[in-house]
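Student:
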Amino acid sequence: MDFRVRVWLNRTYAENVFFMDQLRSNPQGRPVEIHATHGDPDSPVLAAADTAELEPEGLSPRAYVEYALDQCARHSIDVFVPVLHQAAIVAQRAEFAALGTALLAPPPEAVAVFQDKATAYQAVQAVGVPVPPWWRVRTEEELLTAVESLEAAGHRACFKPAAGAGGVGFRVITRAPFSLMHLNGFPSPFVPLDLVVAALREADEPVDWLVMPRLEQPEVSVDCLTAPDGRVRMAVGRTKNGRRRGFTLHPSWTEPARLLAEAFGLHYLSNIQFRMFGDQPVLMDVNTRPAGGLHQLALCGINAPWAAVRLALGEETGEVVPASLGKDYTVVSGPRAVRPVSLPQQRTESPAPSLPAVPAPATEPMAPSSGGPSASAGAPATAATLPA
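Take the sequence shown: its position 38, counted from the start at 1, is 38 in UniProt numbering, and no numbers get skipped.
1) With DSSP as the reference, label Gln28 as helix, strand or coil.
2) Measuring alpha carbon to alpha carbon, tell me which residue in Ser324, Pro335, Ala307 and Asp223 is nearest Arg30.
3) Could you have a look at Gln92 and say whether DSSP puts it in helix, strand or coil?
4) So the alpha helix (DSSP H) Tyr67 belongs to, where does it begin and stop?
5) Name the residue from Leu269, Ser188, Thr37 and Val341 whose alpha carbon lies nearest to the alpha carbon of Ala105.
6) With Glu315 as the anchor, note down where its beta strand (DSSP E) starts and where it stops.
7) Tell me the residue span of the alpha helix (DSSP H) that contains Arg258.
8) I need the straight-line Cα distance from Pro44 to Arg336, nearest angstrom please.
9) Do Ala227 and Leu103 have their C-beta atoms within less than 8 Å of each other?
10) Relative to the alpha-carbon of Asn287, which residue among Asp21, Glu148, Asp223 and Val79 has its alpha-carbon at the smallest distance?
11) Starting from Lys160, follow its DSSP beta bridges and name the residues at the other end.
12) Lys240 to Phe159, Cα distance in whole Å?
13) With a CB to CB cut of under 8 Å and the five nearest residues on each side skipped, what residues in its chain are close to Ser76?
14) Rounding to the nearest angstrom, what Cα-Cα distance links Pro82 and Ile89 in this structure?
15) Hey, Leu325 and Phe274: beta-carbon distance below 8 Å or not?
16) Just mark Thr37 as buried or exposed, buried being the case when its beta carbon has 16 or more other beta carbons within 10 Å.
17) Closest to Leu299 by C-alpha separation, out of Ala323, Pro305 and Phe277, would be which residue?
18) What whole-angstrom Cβ distance do Val282 and Pro161 have, given they're in contact under 8 Å?
19) Are the Cβ atoms of Asn16 and Leu23 separated by less than 8 Å?
20) In this structure, how does DSSP classify Phe190 when only helix, strand and coil are distinguished?
21) Taking only three categories from DSSP, how would you classify Ser149?
22) Among Asp279, His295 and Arg231, which one has its Cα closest to the Cα of Phe264?
23) Taking DSSP's pairing of strands, which residues face Tyr13 in a bridge?
24) To which residues of the same chain is Val127 closer than 6 Å at the C-beta, ignoring the five residues directly before and after it?
25) So Ala112 is in the alpha helix (DSSP H); what residue range does that whole segment cover?
26) From this set, Gln115, Ala97 and Pro340, which residue's C-alpha is nearest residue 396's C-alpha?
27) I'd like the list of long-range same chain contacts for Glu216, defined as Cβ closer than 7 Å, with 5 residues on each side in sequence excluded.
28) What does the Cβ neighbour count give for His267, buried or exposed, with the cut at 16 atoms within 10 Å?
29) Tell me the DSSP secondary structure of Arg201 in three-state form.
30) Would you tell me roughly how many angstroms separate the C-alpha atoms of Pro177 and Arg289, rounded to the nearest one?
31) Residues in its own chain within less than 8 Å of Ala261 by CB, not counting five upstream and five downstream?
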């Protein structure tokens, strides 16, 4: 019997090199072969995989599903972890199952709820999970109404796309006029209200934003593992307060996450984020995919990627609990391999010196590291010199 497991990660975050490392270092010692595809030839996930291909550009969601089915058939994929076009892929789960491929992703109904943040907030309120005040904004008038309402209540307004991920498009509104203050130092998320209004007036089409109060730290990102039977097997919070990180099992964070995972069928790996509104934790966002920082759970003795793959293969994991919550830590960055690339020769009178080829990735997984377009986000380092 072939005990090898073939896992495919399609176009995904660079941090998932750590997801791949954890699959290979699974506690059962089971051989795992990883296939990766991406649109960026310098994505480190391609270098870290056993087999890799560049993805075609410009495919419609349905055309991408056909591409994905072909990949699964040609590479004998046992478990597919879809990020790009997740909604279209999970809608065709039966077609993948017919090829012998399990999808490590929630059912289409769950994915649909959380693709749109306004729809998600309405749905989670209905099951009793608190959310911050929010307005859906498409016009200048709606923006001004929302901002003035929040400011009248003593809050600072911010906005983000109603559909989006990774903090892209998040901005905090300020009444301060544009000045050198906005140009000094690194770019900041603060943007003057008058510039936002002017941009809306000149826009060719309406925006689709969620406006809400700027929420306070700590931020707690709860990683959940939910089996296809609907029961949560793991819920561990990763706390973020400035640079300091840690873990928590406090029910004020984990119980709402468990409720959401079970109520909406967030099967396999999901990530549910909370922040403080006054003295109450409120929902910030729900990701129906593995979080980029999921590998940090290794610091408390959990290999969540492998547990999720076992569930996708129809095996039972039992309750997945931390061996300990460990010490607080921080995140640092470092290099990660990319695939070799052929550079065009420069036209010079004498031959240009050739660049040394990037070595192929070693069989053993590299040390966790990160940063930049050709590297991944940093592996955690324990903050041993900091007070507990």
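Yeah, the Cβ is synthetic: ideal placement off N, Cα and C, and Gly gets one too.
Tutor: Let me spell this out:
1) coil
2) Comparing Cα positions, the closest option is Ala307.
3) coil
4) Pro61 to Arg74
5) Leu269
6) Segment: none, Glu315 is in no beta strand (DSSP E) and carries neither H nor E.
7) Pro251 to Ala263
8) The alpha-carbon of Pro44 is positioned some 7 Å away from that of Arg336.
9) no
10) Asp223
11) Lys160 pairs with Leu210.
12) Take the alpha-carbon of Lys240 and the one of Phe159: they are about 21 Å apart.
13) Arg6 and Gly100
14) When rounded, the distance between both Cα atoms is 7 Å.
15) In this structure, Leu325 lies away from Phe274, with their beta-carbon atoms at least 8 Å apart.
16) Buried is the call here.
17) Ala323
18) Not really, about 19 Å apart at Cβ, beyond 8 Å.
19) no
20) strand
21) Three-state result, Ser149: helix.
22) Closest by alpha carbon: Arg231.
23) For Tyr13, which the question treats as bridged, DSSP gives no partner whatsoever.
24) Ala263
25) Pro108 to Gln115
26) Here the chain has residues from 1 to 388 only, and residue 396 is not among them.
27) Excluding residues within five positions, the ones whose Cβ falls inside 7 Å are Arg275 and Met276.
28) buried
29) Looking at Arg201 - three-state DSSP - the assignment turns out to be helix.
30) Distance from the CA of Pro177 to the CA of Arg289, rounded to the nearest whole angstrom, comes to 39 Å.
31) Cys224, Thr226, Val232, Ala235, Ser270 and Ile272
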